[in-house]
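For the sequence shown, the positions run 1 to 373 when UniProt numbering is used.
One structure is given below, encoded as structure tokens.
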Amino acid sequence: MSSSTPFSNRWFGCTCADSETGIPPISRANASNDMLHVLHTGQTRCYNASGQEIDCSGSGQDGEFLRGAPWPSPRFTVRGDVAVDQLTGLTWTLDATIGGFPCTWLEAFEQIDELNRQQYGGHGDWRLPNRNELRSLMSYQAKKPALPEDHPFVHPFLGWYWSSTTAAINPAYAWAVHLEGARMFYSRKDQASLFWPVRGTGNGLLPQTGQRRCFDVQGREMNGSGSGQDGALRLGAPWPIPRFSVAGEVVHDHLTNLWWAKHADLRGEPIAWQQALESVAAWKRERAGDGRQWRLPTINELASLVDCAACSPALPADHPFTGLEDGYWSSTTSFFETDWAWVLYLGKGACGVGYKPGKTFAVWPVGLAAGTP
């Protein structure tokens, strides 16, 4: 298959299981209808703008549609000092604070090198996870820590964890996730955070982050060979070429199989969260004959658009979208404070939260082909 073919991917069509984890790679079967490379957020409940739990039926919220790759049960398998994530095929240290204390970004790489010299857990290929891998552990129906309910990890730290992905908006910063509530933001590389080693290449469910270059702690570009940085390893499912195709007023993302409104500002002004849900529902009714199920995207669907090599906007260079704004509402409620909802800050690529009653963010509808499970 040509590298320019939209669905080219070295995992697609492979049915053999990983020799170590026993987890088979994902398949591109039924690609015309399936959402790809986007995880279910874990959210199963719905909440109104005041934070009160409500019936999900007809709400248009994340908890109603449950979109994304479903989580297996059990989610994790423990093998000695490590845990295999049955969803992604990645292997994590069972001890979530294996380093003991917060450290700088460079020190995190150095401590993982030491774990490899010691053959921790019988392996010498531990590394710092990239942004997508670190986010894959998060549950948006949990807090303190924001991990799946059945997680087996010990000593999870309710603070920041480093990723191997540099922040494009300022290469002296790197992406980190806060385990208390799952926020993804960037931190200065000479500041201190925890690290959580991972190993393996996964099963192809997680895509690449888009990062292609490596940077030192001062933000200067460097030769990344042997650095362990995301820009050197580039792990994950490769992006198709072309990434997007335009069909009138809508755009098809060939990586995820999601459809997006080409004009990325449905209302033309910042609105409150409930208005965002209602606006997309009205747009869906207006387009009832187009064969797609339009709704407000989950935070994982919004984050799937992010190119970690770009900022202002944090989108792939070949994107065709117009009317871009800095922040977008998702349909995912913040479980940390349920009168807040998850937001993608598109200028930076950050995943944060916004107060639901505030008229502060834009609306960007997402859709799937009718009949999608």
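C-beta atoms are modelled at their ideal positions from N, C-alpha and C, and glycine is treated no differently.
query, result
"Identify the continuous alpha helix (DSSP H) that holds S279 and give its terminal residues.", "W273 to E286"
"Give the straight-line distance between the Cα atoms of Y140 and D34, rounded to the nearest whole angstrom.", "22 Å"
"Can you name the start and end residues of the beta strand (DSSP E) that F244 belongs to?", "F244 to A247"
"Check whether the Cβ atoms of R183 and G352 sit closer than 8 Å, and answer yes or no.", "yes"
"For the candidate residues P148, L305, S245 and R287, whose alpha-carbon lies nearest to that of Q208?", "L305"
"Pull up the CB-CB distance for L137 and G159, whole angstroms please, since I reckon it's below 8 Å.", "Not quite, the Cβ-Cβ distance comes to about 15 Å (not below 8 Å), so this is no contact."
"In chain order, what residues of the same chain have a beta carbon less than 8 Å from the beta carbon of I112, not counting five sequence neighbours either side?", "W126, R127, L128, F195, P197 and G228"
"With a threshold of 8 Å, are at least 3 pairs of Cβ atoms found where one atom belongs to the stretch 148-162 and the other to the stretch 68-87?", "yes"
"Roughly how many angstroms lie between the CA atoms of A176 and A350, to the nearest whole one?", "10 Å"
"Only counting the same chain, and skipping five residues up and downstream in sequence, which positions put a Cβ closer than 8 Å to that of G99?", "A108, Q111, L194 and F195"
"Suppose you measure from the CA of R79 to the CA of G121; what does that come to, to the nearest Å?", "9 Å"
"Who are residue 379's beta bridge partners in DSSP?", "The requested residue 379 is not part of the displayed model; the chain covers only 1 to 373."
"For N170, which residues from the same chain have a beta carbon less than 8 Å from its beta carbon, with the 5 sequence-adjacent residues on both sides left out?", "Y186 and G219"
"Assign D95 to one of three DSSP states: helix, strand, or coil.", "strand"
"Pick out whichever of S50, V366, F361 and D339 has its Cα sitting closest to the Cα of L302.", "V366"
"Report the rounded CA-to-CA distance for E133 versus D307, giving the unit in angstroms.", "15 Å"
"Output the distance between the C-alpha atoms of W266 and W329, rounded to the nearest integer angstrom.", "Note on residue identity: the sequence assigns Leu, not Trp, to residue 266. Taking the straight line from one Cα to the other gives about 12 Å."
"Can you grab the Cα-Cα spacing for the pair T322 / H123, in whole Å?", "47 Å"
"Looking only at its chain, what residues have a beta carbon closer than 6 Å to the beta carbon of S312, apart from the 5 residues adjacent to it on each side?", "G347"
"Report yes if the CB atom of F215 is closer than 8 Å to the CB atom of T166, and no otherwise.", "yes"
"Can you tell me the Cα-Cα spacing of W164 and A288, whole angstroms?", "Contrary to the premise, residue 164 reads as Ser rather than Trp in this sequence. Roughly 43 Å separates the two Cα atoms."
"By DSSP, does A264 sit in helix, in strand, or in coil?", "coil"
"By Cβ distance below 7 Å, which residues in the same chain neighbour Y161 in space, the five residues on each side in sequence not counted?", "L134, A176, V177, L179, S193, L194, F195 and W196"
"Measuring CA to CA, which of T256, T88 and L368 is closest to R243?", "T256"
"Do F157 and T97 have their C-beta atoms within less than 8 Å of each other?", "yes"
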